[in-house]
Structure formats: C-alpha cells, structure tokens
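One structure below.
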Amino acid sequence: MAVTTTLHDGIAVVTFDNPPVNGLGLDVRRGLAEAVEAANADDAVQGVVITGGGRFFSGGADIKEFNTPRAGQAPNLHDVIAVVESSAKPVCVAINGTALGGGLELALGAHYRVARRGAEVGLPEVKIGILPGGGGTQRLPRAVGLEAALNMIVSGAPVAAERLAGTALFDSVVDGDPVEAAIALLRERIAAGADHPRVRDRKVEHADAQAFIAWARMGVAAASANYPAPLRCVDAVAASLRPFDEGMAVEREGFTVLVNSPESRALRHAFFGERAASRIDDIGPDVKPRPVTRVGIVGAGTMGGGIAMNFLNAGIPVAIVETSQEALDRGLATIRRNYEGSAKKGRITAEQVEQRMGLLAPSLDYAALADADLVIEAVYEDYAVKQAVFEKIDAVAKDGAILATNTSTLDVDRVAAFTRRPQDVLGLHFFSPANVMRLLEVVRGAKTARDVMATAMAMAKAIRKTAVVSGVCDGFIGNRMIEQYSRQATFLLEEGALPQQVDRAMEKFGFAMGPFRMGDLAGNDIAWAIRKRRYLERPDMVYAKNADLLCEMGRYGQKTGKGWYDYRPGERTPHPSAEVEAMIVEQSKALGITRREISDQEIVERLVYALANEGARILAEGIAARASDIDIVYLAGYGFPAWRGGPMFHADQVGLYNVLAAMRRYARGHRGEAWEPAPLLVELAESGRSFNDPGARPRAAA
Numbered sequence: 001m002a003v004t005t006t007l008h009d010g011i012a013v014v015t016f017d018n019p020p021v022n023g024l025g026l027d028v029r030r031g032l033a034e035a036v037e038a039a040n041a042d043d044a045v046q047g048v049v050i051t052g053g054g055r056f057f058s059g060g061a062d063i064k065e066f067n068t069p070r071a072g073q074a075p076n077l078h079d080v081i082a083v084v085e086s087s088a089k090p091v092c093v094a095i096n097g098t099a100l101g102g103g104l105e106l107a108l109g110a111h112y113r114v115a116r117r118g119a120e121v122g123l124p125e126v127k128i129g130i131l132p133g134g135g136g137t138q139r140l141p142r143a144v145g146l147e148a149a150l151n152m153i154v155s156g157a158p159v160a161a162e163r164l165a166g167t168a169l170f171d172s173v174v175d176g177d178p179v180e181a182a183i184a185l186l187r188e189r190i191a192a193g194a195d196h197p198r199v200r201d202r203k204v205e206h207a208d209a210q211a212f213i214a215w216a217r218m219g220v221a222a223a224s225a226n227y228p229a230p231l232r233c234v235d236a237v238a239a240s241l242r243p244f245d246e247g248m249a250v251e252r253e254g255f256t257v258l259v260n261s262p263e264s265r266a267l268r269h270a271f272f273g274e275r276a277a278s279r280i281d282d283i284g285p286d287v288k289p290r291p292v293t294r295v296g297i298v299g300a301g302t303m304g305g306g307i308a309m310n311f312l313n314a315g316i317p318v319a320i321v322e323t324s325q326e327a328l329d330r331g332l333a334t335i336r337r338n339y340e341g342s343a344k345k346g347r348i349t350a351e352q353v354e355q356r357m358g359l360l361a362p363s364l365d366y367a368a369l370a371d372a373d374l375v376i377e378a379v380y381e382d383y384a385v386k387q388a389v390f391e392k393i394d395a396v397a398k399d400g401a402i403l404a405t406n407t408s409t410l411d412v413d414r415v416a417a418f419t420r421r422p423q424d425v426l427g428l429h430f431f432s433p434a435n436v437m438r439l440l441e442v443v444r445g446a447k448t449a450r451d452v453m454a455t456a457m458a459m460a461k462a463i464r465k466t467a468v469v470s471g472v473c474d475g476f477i478g479n480r481m482i483e484q485y486s487r488q489a490t491f492l493l494e495e496g497a498l499p500q501q502v503d504r505a506m507e508k509f510g511f512a513m514g515p516f517r518m519g520d521l522a523g524n525d526i527a528w529a530i531r532k533r534r535y536l537e538r539p540d541m542v543y544a545k546n547a548d549l550l551c552e553m554g555r556y557g558q559k560t561g562k563g564w565y566d567y568r569p570g571e572r573t574p575h576p577s578a579e580v581e582a583m584i585v586e587q588s589k590a591l592g593i594t595r596r597e598i599s600d601q602e603i604v605e606r607l608v609y610a611l612a613n614e615g616a617r618i619l620a621e622g623i624a625a626r627a628s629d630i631d632i633v634y635l636a637g638y639g640f641p642a643w644r645g646g647p648m649f650h651a652d653q654v655g656l657y658n659v660l661a662a663m664r665r666y667a668r669g670h671r672g673e674a675w676e677p678a679p680l681l682v683e684l685a686e687s688g689r690s691f692n693d694p695g696a697r698p699r700a701a702a
C-alpha cells in the first residue's frame, strides 16, 4: 500500500511510500487524505504524524504521472493540504529526508514540523519554468521570512533544515528519529491544551518589505531575461504581504500563465529528456553494473587531466600514464593548479586539494593500469596512435576491465578491433574542459556488452555527468551535427556575412557562444584535421574554403592569439580582424559571388535547422534512441539555450512544415546542395507530426 497508518498510544503515524522519491501521486494523495480523515473520526486518536518511507520525505509531484489525467485528479495537492490544515486534531510532519516542491508545501500545511538534521528542503519549481503551485509562495514567507523565502523560491536551491532552525518552519531539528520527536511534540502540545497554529494565519514580517521587493525585482529581471518564471515568483512572494486568499489567487494565476509558456514547456522537456536519456531500452534492472573502484587513464594532457579530475572528485583512485616525464609533470601541474584555483575561490578546501591529489598515481609504465576496473584512452585523434595505445592496454588490463576511448569522431568498432575483447570496449566522449562540462556521450559499439553499458551509465551518475547514449558513426551525435551547423556558418561568410555578425545573431538567439568564437576557443586546427580526413573519405561533401585558408594563415584561435578574431596578450576578448575580413571578401570575389546583406533571421534559421536536419538523420538511423536525447546533447554540451529546449524541440515548436519550407527556400541559393532534407523530416512534416511525438522514428530504427 502507498499509505499505511500505525497507532502509537493515541498518535496515528501515517507513512507514505512511493519509491524512488516518494512522489505525491494520486494513490499517495488519496491515501493521505483518507488517513487524516480517518484519524479525525477515530476517538482513540489524539494527533497525527505524517512521514515518508525510505530516505526521502517527498520529492514533490510524481513525475510518472506528468502529462497524464492522474496528475490533476482529485484529491489534488491543494485538497490534501486543506485536509491536513483543517484537521481538528493536530498534525505534525516528520521530515525524515529531502522535502522538495509539493513535499515541502504539504509540510507547510501541517500544524507542526520536525526535521532530521541534514534533511534538505526547497521549492525547485523555477528550474522547470513554473512557480510553486501548492501555496508555497504564500506559506514559506510566513514561515521563514520574506527574504529567505524569496531567495529559496527564485533560486530553487535546497537548504539544509538546520539552517532554518529557529524559524516558524520547524518546531525542532533533531539528530535522532524525527518521528519519535514528532510524537513527543504532539503529546506535549496536546497535554498543554495549546492551540494548533496554521502557517497561513501568520503575518509576513520585514522591516521594509516594499523596498526589498523592488530591489529584488530589479535584480531578478537583470539575471533572467529569457526566463519569465523568476519574476513571476517575485510577484507571487510579494503577494504574501496581502491577505492569504488574495495571495493564493496571485499564485494560481502565475502558475497557470507559466505552465503554458514556451519557456516552461522547453524546460520541462529538458527535465524529462535528461531522465529518459539515462534509460537504455534493452538494459533493465536485471543487468548489473561492474564495480569501478579504480580508474586508469592514458594521456595526461588537457583531456586526460580533466577526465582524471572527475574521478578524483568522486573519491575514486586514478592511475595516469604518459610517455614522458615532462608530459606527466606538466599534466600533474595542471591538475594541481586547477584544484588550487578552486580552493582560492572557496569551492574546496586546501585539505581537499591534497586528498584528491593523493588519489592520483602518475606513471610512465602501462603496468600501472593492471588493477584498473576502467581504463580510458585520451590521446591524439589518429587510428595508428589509438591502435598502439589499445594494444598496450589490452596486454596489461585485467579480465573484466572496461576499455574506453575518448575519441570525438573516430569509429569505436574499429578501435575495439584493436583488442582481444571488443565486448569490453566502448566510447566515453568527454567534452572539454572535461572537469567542467556536464555532457558525456556514451558510445555503444556493435559488440559492447550490456553490463558494460550499464556500468558506464552508473559511472556517469557517480561523477555527476549527463550521459547520452550514441551509436557508432562519424562524430556521434554532437559533433556530427555541429559539422553541418559550422558548414552553414562558413557558407554565410562566402555570401556576405562576417564572423562577428553570425556570432552576434546566434548569441542573441540564446547560444552561449557563436560558431566562430567557439571555433577559436576549441582550436580551428581541430576542425581542419577533420576536414582533411573528409576530403579523402567524403569527396562529395562540400565545404567553404575560408576555414582552411584561416588555418593556412596560422590563425588557430585563442591558443595562437588569432583565429576568426584577434586576441590581445592575456585576454580572451575577441576583436574583429581586418586580416580575416579581407580574406573573406577576397574569397567571395574568387568564387564570383556578389556579397549581400544577410538578416539575423536567416543566420539563425540556417544554422539551427541544419542541426535539426542532421538530427533527423541520426534519429532515423538509430544513432540516437529518441529526439530528446539529441536535445540533451545540445543543452548539456553545446550551449544551446535551455529555454528553447534543444534543436529538435525548437524545430517542433516552429513546426516541421515551416522548417522544411525554409530549408527548401534556402536550397535555391548558394551552396543549396547542402540542404537536402532528411527523409524523416519530410515524412513528419507532411504528416503533421513532430520529432518528439511517440513513434516519430521509422520502424527500421525503432
């Protein structure tokens, strides 16, 4: 049963249990309301304690019911809170673990609250583009004060219970069992004949509430230009200064507006997409991950060192192997410098720096990898180099060790064939800087064992990465798509645009960085090496020559002080380059192209639709399991604006009919051969469907 009741000398202890996070699904809501009403009807009951089973009190709404009729079916959360709040017999909530969203709002409806020390409470709804809709914006300011409540609601960040001890939110914060403490509290208050307080009856206290709200509104507006939810949260919290029912009306109006906003739809898509990405269709709970207690890494360069830091941060020992003492020392120095930089900023302590460095075992001998459960290769992108490294790893790694390549484009199956154990090989494509970027592409080879995939997904969670599974193809999901995006960007230069205009348009659209600034940061020579390989393998694929000419001029980007932009010594600020502009204009002239004015709309459409079109091919081929996986790759790894939901979701919102029409229009212009619509895009557009519709993939790929 979702809800059970036990009687403890006149106190009914109501426990709800809905793993994994005690979501407030319909069965739980109904069970809680019925249990409290039954307690009120039972003469043997003097008071009620409500608590959660397991480690959570409640994570809020049950995500399994989102977008189903059960989500809003009575009794809804408001109904349950009303039953609790109006109970004739006192109700105390015992917060045994995390209480978020509706879980905290339920607790605020009780007469008393006891929390275990270390339990976290919060209202994170703003992170999915909405505001708390169960009275949280009205009761929390009455319980913890206007300023603390506003900070919690606008940030969505959880707070440890002990930080709020002494406020009206908690009657006590205890080290022991909160249920026992709640029972004792009720008996004490009942014996004293106390009135049982309701949070809604309290007044919000603040020395200068209106001035504080005005100041907060200005700050929030400046920090959340493309996100309407934070400002709506301020409005709702400000309404807590009014009578409770008036404030509730403001909260309900704000919730209704936000839940239907495109930004919230995009953020909810990302929320569910990230959870869906962690599931692999043919790998259920019966497939157990292999233990990973020690990791080996080959290569102590920028990628290898960054990868190592992820495991060190998680407390996992790492053996790191290099070919020369100089390279090894340089890599170790970089890792230490990164950690010491974090310590200076107060993110970690000096003691933690030494603890993490103490887990790192540097070596020039591949034998140091012999006891590793997972070995990751992070060396140069060349098959001959990879082959030499994997043959050495294969010779020393123990049976059952997982061997991973950090390649960003190469064929994982070909790499696996360099070993005697292709079933133990997969791709783990970390993104640079690997110790910062959230995304991890987990590349499943043709022979990769299911438990190897299960291990990779569990490991990603342990090191706090957002993992997305990709099949084997050139560039996997992210880099295969970004190539088409970059091609369109360079074609635009041939036609009349300049790098700064393209970057400005894409950054105005919401990208963290435009394509040319991104190229300068990553290194233009990296893409050049890929194009050189393409010229041999794919002579049919057309590229603009301006990117090659840039590299021939030695303009590799920030690392050389010049790329698409000029960079001053010690700065990362891009400055438009007269030399680059002259090269671009001359190249247009050589091609016989009369340069024209290009609108920002055309720039955005061509680059973003290029992503969606290649994403459609990836989806049809089964390289990605679902359209939302592609969106998560771009949200977590490529700076796509979260409030637009990712390239596939954005295309859905524009309408695939409109996307296809725009592509066909651009195909009539320069380099139109690059605009062959993907068959899946055509099929969905003509049938009025979307990428994220259930069953959007063709049957061959499903």
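Quick note on numbering: full-length UniProt numbering labels position 548 of the sequence shown as 548, and the sequence is numbered without any gaps.
Ideal Cβ positions, reconstructed from N, Cα and C, are used throughout, including at glycine.
Point to revise | Three-pair Cβ contact test at 8 Å for the segment 53-64 versus the segment 16-25 | key: In short, these stretches touch, since the Cβ pair count reaches three.
Check your understanding: If we count the other Cβ atoms within 10 Å of its Cβ and call it buried at 16 or more, is residue 58 buried or exposed?
Key -> buried
Check your understanding: Residues in its own chain within less than 6 Å of residue 691 by CB, not counting five upstream and five downstream?
Key -> Excluding the 5 residues flanking it on each side, residue 691 has same chain C-beta neighbours closer than 6 Å at 627, 648, 652, in chain order.
Review point. Alpha carbon to alpha carbon, what distance is there between residue 516 and residue 500?
Key: Cα to Cα, residue 500 sits roughly 8 Å from residue 516.
Review point. Where DSSP assigns a beta bridge to residue 443, which residues make up the other side?
Key: BP columns for residue 443 point to 427, 470.
Exercise for review: List in chain order: all unbroken alpha helix (DSSP H) runs of 4+ residues lying wholly within the segment 346-409.
Suggested key: 350-358, 383-396
Check your understanding: With a CB to CB cut of under 6 Å and the five nearest residues on each side skipped, what residues in its chain are close to residue 51?
Key -> Same-chain partners within the cutoff: 15, 94, 96, 179.
Point to revise | Nearest-angstrom Cα separation, counted from residue 669 out to residue 378 | key: 41 Å
Point to revise | Residues bridged to residue 566 (per DSSP) | key: According to DSSP, residue 566 bridges with 562, 575.
Review point. Is the segment 468-480 close to the segment 493-512, with three or more CB pairs under 8 Å?
Key: Counting Cβ pairs under 8 Å, fewer than three are found: no touch.
Check your understanding: By Cβ distance below 6 Å, which residues in the same chain neighbour residue 1 in space, the five residues on each side in sequence not counted?
Key -> So no residue of the chain qualifies.
Check your understanding: Going by C-alpha distance, which of 398, 156, 13, 354 is nearest residue 182?
Key -> For residue 182, the closest of 398, 156, 13, 354 by C-alpha to C-alpha distance is 13.
Exercise for review: Could you round the C-beta distance between residue 306 and residue 512 to whole angstroms and report it? I think they count as a contact, below 8 Å.
Suggested key: Wrong, their Cβ atoms sit about 19 Å apart, outside the cutoff.
Check your understanding: The beta strand (DSSP E) spanning residue 116 covers which residue range?
Key -> 112-116
Check your understanding: For residue 16, which three-state DSSP category applies?
Key -> strand
Check your understanding: Between residue 584 and residue 454, is the Cβ-Cβ spacing less than 9 Å?
Key -> no
Practice item. Would you please state the rounded distance, in angstroms, between the beta carbons of residue 237 and residue 150? I believe it to be under 8 Å. Key: 5 Å
Check your understanding: Among 553, 193, 234, which has the Cα closest to the Cα of residue 136?
Key -> 234
Practice item. Enumerate, from N- to C-terminal direction, the unbroken alpha helix (DSSP H) stretches of 4 or more residues contained entirely within the segment 41-121. Key: The qualifying runs are 77-85, 102-108.
Review point. Of the residues 679, 28, 664, which one's Cα is nearest the Cα of residue 673?
Key: 664
**Study point:** As assigned by DSSP and simplified to three states, the class of residue 159
**Key:** Residue 159: strand per DSSP, three-state reduction.
Review point. Excluding five sequence neighbours on each side, which residues of the same chain lie with their C-beta closer than 8 Å to the C-beta of residue 559?
Key: 523
Point to revise | Cα-Cα separation between residue 314 and residue 591, rounded to whole angstroms | key: 54 Å
**Study point:** Among 274, 271, 335, 289, nearest to residue 300 - alpha-carbon criterion
**Key:** 335
Check your understanding: Who are residue 8's beta bridge partners in DSSP?
Key -> As a beta-bridge residue in DSSP terms, residue 8 pairs with 11.
Point to revise | From 397, 390, 231, residue whose alpha carbon lies closest to that of residue 295 | key: Shortest Cα-Cα distance from residue 295 to any of 397, 390, 231 involves 397.
**Study point:** Helix, strand or coil at residue 283 [DSSP, three-state]
**Key:** strand
**Study point:** CB-CB length for residue 118 against residue 165, believed under 8 Å
**Key:** Not quite, the Cβ-Cβ distance comes to about 12 Å (not below 8 Å), so this is no contact.
Review point. Between which two residues does the alpha helix (DSSP H) containing residue 223 stretch?
Key: In the DSSP annotation of this structure, the continuous segment of the alpha helix (DSSP H) that includes residue 223 starts and ends at 209-223.
Check your understanding: Taking the DSSP output, what are the residues bridged to residue 172?
Key -> 114
Point to revise | Residue of 41, 297, 366, 122 minimising C-alpha distance to residue 332 | key: Comparing Cα positions, the closest option is 297.
Point to revise | As assigned by DSSP and simplified to three states, the class of residue 456 | key: helix
Review point. Using 8 Å as the Cβ pair cut-off and three pairs as the minimum, do the segment 442-450 and the segment 532-542 touch?
Key: no
Exercise for review: Give the DSSP bridge partners of residue 319, in chain order.
Suggested key: 296, 361
Check your understanding: Near residue 686, which residues of its chain fall below 7 Å by C-beta distance, leaving aside the five closest residues on each side in sequence?
Key -> In its own chain, leaving out the 5 sequence neighbours on each side, no residue places its CB closer than 7 Å to the CB of residue 686.
Point to revise | Member of 142, 121, 172 whose CA lies at the smallest distance from the CA of residue 156 | key: 121
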